[in-house]
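Note that the protein sequences, when read in sequence, are chains W and Y.
Using our numbering, the first residue of the first sequence is number 2, and each one after it goes up by one.
Using our numbering, the first residue of the second sequence is number 693, and each one after it goes up by one.
We put the beta carbon where it would ideally sit given N, CA and C, even for glycine.
Here the structure is a predicted model, which means the values were calculated and not measured.
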Amino acid sequence: MMPVLTILTAIPAVAGAAALLAGNRAAIARGIALVAAISTLLLSAWVWCSLGSSGAMSFVERADWVPGLGIEYHLGVDGLGALMLLLSAIVTLMAIAASRPNSKIASQQPGLYFALILLLQSGLFGTFTALNFFHWFLFWELSLIPAFFLIKLWGAEGRGPAATQFFVYTMVGSVALLLAFLALFIATGSFDFQVLAQMAADGSLTPAIQSHLGPISLWLALGVLLGFAVKVPLMPFHTWLPATYSKAPTPVTMLLTGAMSKMGVYGLLRLALPLFGHELAQVRTPLLILATLTVVAGAWAAAVQKDLKRIFAYSSINHLGYCLLAIFAIALPTGSDTAVQLSQTAALDGVILQMFNHGLTAAAIFWFLSMLESRSGGNLAIDNFGGLRKPAPIFCGLMGIALFSSLGLPGLNGFVSEFLIFRGVWPLAWLPATVSVLGLLITAAVILTVIQRVFSGPLPEKWKTFPDLTSGEILVMAPVLLLMLILGLVPQLVLGTVNPTVMHLLAGWRY
Amino acid sequence: MNANVWIVQNLWLIPAIPMVAAGLIALLKQPQRKASASLAIGGLGISLLLAISAFTHVLSAWSSGAFTRSAVNFTWFEIGTTHFQLGWVLDPLAAVMLVMVTFVGLLIFIYSTGYMAHDENFTRFFCFLSLFAGAMLGVLIANNLLLLFMCWEIVGLTSYLLIGFWYHKPSAAAAAKKAFLTTRVGDIFFLLGIVWLFSQTGTLLFYDNGAGAIEPAALATLLSQHAALGLTAATAIGLLIFAGAAGKSGQLPLHVWLPDAMEGPTPVSALIHAATMVAAGVYLVARVYPLMSAGATPGSTTVALTVVAWIGALTALFGALVAVAQNDIKRILAYSTVSQLGYMMVGLATGGVAIGMFHLITHAFFKALLFLGAGSVIHGCHEEQDIRHMGGLRKSMPVTFLTYSVGMLALSGFPIVFSGFWSKDAIVGAAFAWPISKGPFVLLIIGALLTAFYMTRQVAQVFFGSYRGHAHPHESPRVMTVPLAILAVFAVGLGILGTPAWPWFTSFIESKPLALDFAGFSEPGLLPLMAFATLLVFIGLGLGWMLYGRKPVNDPHAPDVLQQASPVVYSWLAGRLFWDELYAATILRWYAALAWLADFLDRRLWGGIVSAVSASFTGLGWFNKSVDSQWIDGGFDKGCEELVTTGGVLAWLQAGRTPGYLRSMLVGLLVLAGLALAIGASLGQVRL
C-alpha cells in the first residue's frame, strides 16, 4: 500500500525546500507553495473520503526505528486525525492565498517566507498522523519553529517580544510534555500511543507508574495537560496568545488560530483523555472552573479590545474554551450508565466538529482582516473604520457571513457543534454549562459591535474609495463560505465519520 | 389525516421557496429591481398557494372527522447510536399560521414595491424580506424544537438586518444590535431549555407517533423529575422556553428592543415587528402548550402558565400606558403591539391555545393594516413621523384615513363589527374565568380602556383638525392603498370566525365538531362581561375624543393635554417608565465592568505572573546566551564557512542572514533530541 500519510507530510517539506531555492522570486515561491497546498488539500480530502465508518485507525504505516527505545515509525489517522489534516490543508491554502506576492509580507525574502509556511504545514501533518510519542513530539516542535520565525521576521511592530513569549510559553509546555512522556517510557517501556492507551484502559498504566516511579501519575497528567493547555489555550495559560495573534503577520495568525490551536485540543483527545482519564477526573472541578473562565472571560476580554486582531484573538480563546469545557466535563467515570455515555458521545462529537468549524471560521475571519489590513495601510484599530458597507458591500456581506458563523448562527457551521457541546455538557456539569452560555451572549455582543463599528454608521471621508473585493478574492473565499453553509445544513457530512471515531475513542477509555 | 398526501410530504417547500428566492436575489445586482421584486413576490406567492393547499387539506380532514395532525421526520445526524431527527408537522395550528403569514406577507411585499421604490438598496431589501419569510414559515412547520430554534434565530437575523437596513444612520445600527442582543438574552435560556429537554427525553421532536417530546409519555417522565425550587422538570423547561418567547414577543422585561426596532422601514415594522415575527413567541408557547400545561387539572393551572399569564397581563397594561404619551406615530403602534402581545399571552395561559391564537390572527391583520397605514401617512407627509406635525390628513389622504380608522376601531375593540372585539373579548372573558387570580383580568380591562384612548388620541391628531406640518401631504399610490383596503376587509370580516355562537376558530384548532348555536351567548356572565368591556371601550374612545378631537391641537409645540394635567405622570409615561435607563445603569454597566475586569486580569494578574516568571528566567537566559555565542555559534559559523567554500547550499545563507536565531535553534533542537535519546537510551538499557 502507498504510504499516503508519509507522502502527505513530505509534500510540503519538499516543496518548502524548493520554495527556499526560489529565493527572491516571489511569484515562483508562491506558485510552488500554492501547488503544494492544493495537492495536499486534494490528497487529504481523498484520505477523509476514503475513511471507513469503523472509527478505527486507517492508513496505518509502521516501521521499526529505534526498537530498543520503543521508537517506531507509526502513523495512522481516524476520523479525528483525518479531519485535522483536511483542516490544516484548507487553512494553509487560505494563508498562502492571503499572502499576496506584492504585499509587504511576501516581498521580504519570499522564498524563506513560503518555505516556513510549508514547513509549518508539514509539522501539522506530522503531528496529526504520528502515533508514537517520539515521532509525534518531533513534529510538534517542528511546527513551533517556523511559526516563531514567521512571527519574528514578518510580524508587526512589537513582534520581537511577542515571538519570544509565544516560543518560551509553548516551550515550557513542551518540556512538561517531554518529561511526562519520558517518565511514561520508564514506567512502561513504550512510546506508542495505542499501547499506552490500552494499558490505561485495562487499568495497568497507573500501577506501572506507581511501581517504577512512585505515586506521580497525577503529576504526569498535569504535565501533559500543561503542554496542551498552553497550546489551546486554557486560561490562565493564554497570555501569549493575544500578543502573538495580533503581532503575527495575518496569514500566520490564520495558521495559528485555524490549525495550530487545534494541536492542543487534538492532544487532549488523543493523549490526555485516553491515558489519564482517571487523573483528569480527580481534578475535574478546578479544570471545569478554568474552562468556564476561559469561555466567559475570553469573550468578555474581547469586548474591550480596540484592535480587530486582538478582538478575534480573544474570541478564539472563547471558542476553543467550549472544547475544553466539554473535554473536562466528560472526564468522569461512566460505568454502564447509557445516558452518561450518550452525553459523552454528544460532547465529543461537538468538540471535534467545533475544532473544524472554528478553524474554518477563524481562519476566514483573519483572511478578511488581512484584506482590511492591506486596504487600510495596516491600521486595524476598530475606531479607524465605519460605514464600509457603502463602498464595499461585497466585502462586508461576505465577512458578515463569517462573523455570523462565529456568532453561532444556525444554518452556518458553528451552531451545530456548540449545540452538541452544550447537549453533552449540560447533564454532566450543569452549572459550568449554565455559566458558559453567557459566552454565547457576550460573543454575539462583541461581533455585532464589530459589525456596527466597521460596517455601519457614517462613512469617513478617507474610505470613500475603499476598494471592494476583487473577483479573484471572491473566488478564494466563496468555497470556504459555501462550506460553512453546507456544514451548517448537513453536519452529517462530518459527523458521519466523526461519530464512529468518537464511539471508538470512548470505548477505549471508558471506565 | 393521511401523511402520504403530496402536500404533507412536501410541506418543506413552503419555507424553502422563499429562501431559495432570497438566495437568488442575493446574486442580483443593485439595478435589477424588477427581477428582485418579482422573485420575492413570485416565491411567496407560490408559498401562499401551497399554504392554502395545506390548509384545505387540514380542513377536509377536520370536516370528515379524521385526525388532523401529521408529521414527517428524517434523520439529520447521528450521535452515538441514536438518530437526531428533524421534521415538519401539519396541524390546524400550523395551517392557520401558514396562510396568515404568506397572505399578509404577500400584501406587504407588494406594498413595499411602492414604499421602497426610491431606495437604492431595493434589491437587498427584497432579499432580506424573502429570507425572513422563509425562516418564519420554517418556524411554523418545524416538528422539532431545535429546528424551530434554528429558523427562529434566522428570523432574528433578518429582523436585525432589516432594522439596520438604513445602516448609515447610527440610530438604526444601534437599534438593530439592541434587538438582536435583547432577544438573544431570551434565546440563551431557550437554548438551555432545549438542551435540558433533549437530555431528559432523548428527543426534540414534538410529535413522533407517541415518542415525541410533548407527547404524553415524555411529559409523564418530565413531570416525575424534580428540578430546583420544587419545580418539576416540565415546569422548569417550560419557563426556559417561555424566556425565549418573551424575548421574541417583546414581553416584560425584554420588551425594550421592540419600540427601537421602528428604525427599520415601515413595511418591515408591519410584517416583522407587528404581524408575524413578534407573534412567533406566542406561537412557540402555543406549540409547546402540552409541555406548559403538563400536570394541570380542571380548576388549577401550572406554574409555567401562571407566569405566562402574569407577565402577559403586566406587559399588556405597560404597553398601553406608555403608548398614551408617545408622539411618534410608529412608536405608538409599537407599544400597542407590545401590549397586544401581552393579551395573546394571557389568552394562551388562561383560555388555551385557540383563544390566544385567534387574537394573534386578527391582530396580525389589523396591526399590519395600521402600520402600513402609518407608512402611507409617513410617505404622504414626506418622512414626518411626529403626530404633532400632522393633522387634518383625512382630507388629503381619504383612503388611508378610512382604512386606518377600520384598523383603529378593530384594535380598540369596537363592538360587533370589528374582529378585534371578538378576539379581545374572548381573552378578557378567559382571564375573568381564570381560577387562580383576578389580577390579570383587572390589568387587561384597564389596558382595554387605554387602548381605545391612545388610538383615538392618535387618529384625532393625525387625521382631524388642521394640518400643522410644512410638507404637502398627498395620498399614496395604488400599489400601497390596495393592500390597505384588502387588510381592512379582513380586519372586519375575521371576527365572524370567533363569535360565541359560531366558534369556528376554536373548533378548528381543537379539531372539534362545529355548529351554529346562538345559545353560546347565553353562557352565564358572558353578556354582562361583554357589555362591561364595551362600556370601557366607549369611555376610552370618548375620553380620547374629548381631550384631542373636540378641541384640535393647533400648535405642534404646545404641551400635550395630559402633560398640562400632570407633568410628572406624563414624563414617566413619555420616558417609557425608564426601563432603558434602568438597564443602562445596571446590566450594561455590569457588562462593561466585567469586561474591563477580564481585560485587567489579563494584563495585570496573569500577565504579571508571567512577567515575574520570565524575569527569573532572563538571568538564566543571559548565561545561556553567552555560552551560545562563545561556543555553539562559533562552531556553527565555522561549519557554515566550510559549506560555503565547498559551494554548498546558497539558500542556506539566506536564512543565515537572519540573526543567530535559526542557527542556535537548530542546534538547540538537535541537542535536545540527542539528550532525549541519550537519557532514553540509558534508561532503556536499565530496563532491558
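For residue i: DSSP bridge partner residues
i, result
"W/LEU373", "DSSP output for W/LEU373 lists no bridge partner at all."
"Y/THR924", "Y/HIS918"
"Y/TYR1096", "In DSSP, Y/TYR1096 forms no bridge with anything."
"Y/GLN1255", "In DSSP, Y/GLN1255 forms no bridge with anything."
"W/LEU44", "The partner list for W/LEU44 (beta bridge, DSSP) is empty, contrary to what the question assumes."
Other residues of its chain near residue i: CB distance less than 8 Å, five sequence neighbours each side excluded
i, result
"W/LEU6", "VAL48, PHE60, GLU62, LEU76, GLY77, VAL78, PHE126 and THR130"
"Y/PRO675", "In this structure chain Y extends from 693 to 1380, so residue 675 of chain Y is not present and cannot be described."
"W/LEU84", "TRP49, ILE353, MET356, PHE357, VAL495, THR498 and VAL499"
"W/PRO459", "GLY387 and GLY388"
Same chain, Cβ closer than 6 Å to residue i, five either side skipped, listed in chain order
i, result
"W/SER317", "THR258 and ALA363"
"W/ALA302", "TYR315"
"Y/THR1148", "LEU1233, GLY1236 and TRP1237"
"Y/VAL1120", "LEU1136 and ALA1225"
"W/ARG424", "ALA347"
"W/THR189", "ALA209"
Between the CA atoms of residue j and residue i - distance to the nearest angstrom
i, j, result
"W/LEU44", "W/LEU9", "7 Å"
"Y/ALA1102", "Y/GLY1185", "11 Å"
"W/THR165", "W/ALA177", "18 Å"
"W/LEU113", "W/GLY24", "7 Å"
"W/THR444", "W/GLY497", "29 Å"
"Y/GLN1377", "W/LEU70", "Any reading at Y/GLN1377 needs caution, since the residue's pLDDT is 42, under 50, leaving its predicted position unreliable; the model's value is listed next. Roughly 9 Å between the two C-alpha positions."
"W/ILE146", "W/LEU429", "39 Å"
"Y/TRP1114", "Y/ALA905", "34 Å"
"W/LEU143", "Y/ARG979", "56 Å"
"Y/ALA1266", "Y/PHE1133", "25 Å"
"Y/PRO862", "Y/TYR1283", "21 Å"
"Y/THR1054", "Y/LEU790", "14 Å"
"Y/MET954", "Y/PHE857", "11 Å"
"Y/GLN777", "W/PHE405", "25 Å"
"W/VAL305", "Y/ALA865", "19 Å"
"Y/LYS940", "Y/LEU946", "8 Å"
Secondary structure of residue i, DSSP reduced to three states
i, result
"Y/GLY1083", "coil"
"W/HIS136", "helix"
"W/PHE60", "strand"
"Y/GLU770", "strand"
"W/HIS320", "helix"
"W/SER344", "helix"
"Y/GLY1232", "helix"
"W/GLY378", "coil"
"W/THR444", "helix"
"Y/VAL977", "helix"
"Y/PHE1057", "helix"
Own chain residues within Cβ distance below 7 Å of residue i, not counting five before or after
i, result
"Y/GLY1011", "TYR1027, SER1028, VAL1030, SER1031 and GLY1034"
"W/ARG160", "ILE152, LYS153 and LYS248"
"W/ALA11", "none"
"Y/ALA683", "Lying outside 693 to 1380, the shown extent of chain Y, residue 683 of chain Y is not represented and no answer is given."
"W/PRO4", "GLU62"
> Mind listing which residues of the segment 198-216 of chain W have their C-beta closer than 8 Å to chain Y's C-betas, in chain order?
Replying inline: Taken residue by residue, none of the segment 198-216 of chain W has a beta-carbon sitting less than 8 Å from a beta-carbon on chain Y.
> Residues in the segment 225-254 of chain W with C-beta within 9 Å of chain C's C-beta atoms, listed in sequence order?
Replying inline: Any reference to chain C falls outside this structure, whose protein chains are W and Y.
> In the segment 881-896 of chain Y, which residues sit with their C-beta less than 7 Å from some C-beta in chain W, listed in chain order?
Replying inline: Taking 7 Å as the cut-off between beta carbons, the residues of the segment 881-896 of chain Y near chain W are LEU883, LEU884, VAL887, TRP888, PHE890 and SER891, in sequence order.
> Got a sec: which bits of the segment 725-757 of chain Y sit with their beta carbon under 8 Å from any beta carbon on chain W, in order along the chain?
Replying inline: Within the segment 725-757 of chain Y, no residue qualifies.
> Can you list, in chain order, the residues of the segment 479-501 of chain W whose Cβ is nearer than 8 Å to any Cβ on chain Y?
Replying inline: Answer in chain order: PRO492, GLN493, LEU496, GLY497 and ASN500.
> Relative to chain W, which residues along the segment 762-774 of chain Y have a C-beta separation below 9 Å, given in chain order?
Replying inline: Answer set for the segment 762-774 of chain Y: THR767, TRP768, PHE769, GLU770, ILE771, GLY772, THR773 and THR774.
>> Which residues of the segment 257-272 of chain W have a Cβ closer than 9 Å to any Cβ of chain Y? Give them in chain order.
In response: Against chain Y - using a Cβ distance shorter than 9 Å - the segment 257-272 of chain W contributes no residues.
>> For the segment 419-440 of chain W, list every residue whose C-beta sits within 8 Å of some C-beta in chain Y, in sequence order.
In response: From the segment 419-440 of chain W, only PHE420, LEU421, PHE423, ARG424, TRP427, PRO428, ALA434, THR435, VAL438 and LEU439 have a Cβ closer than 8 Å to chain Y.
> Between the segment 343-371 of chain W and chain Y, which residues of the former have CB atoms less than 8 Å from a CB of the latter, in chain order?
Replying inline: Correct list: LEU343, SER344, THR346, ALA347 and ASP350.
>> Please list, in chain order, the residues of the segment 405-416 of chain W that have any C-beta partner in chain Y closer than 8 Å.
In response: Those residues of the segment 405-416 of chain W placed with their C-beta closer than 8 Å to a C-beta in chain Y are PHE405, LEU410, PRO411, GLY412 and PHE416, ordered along the chain.
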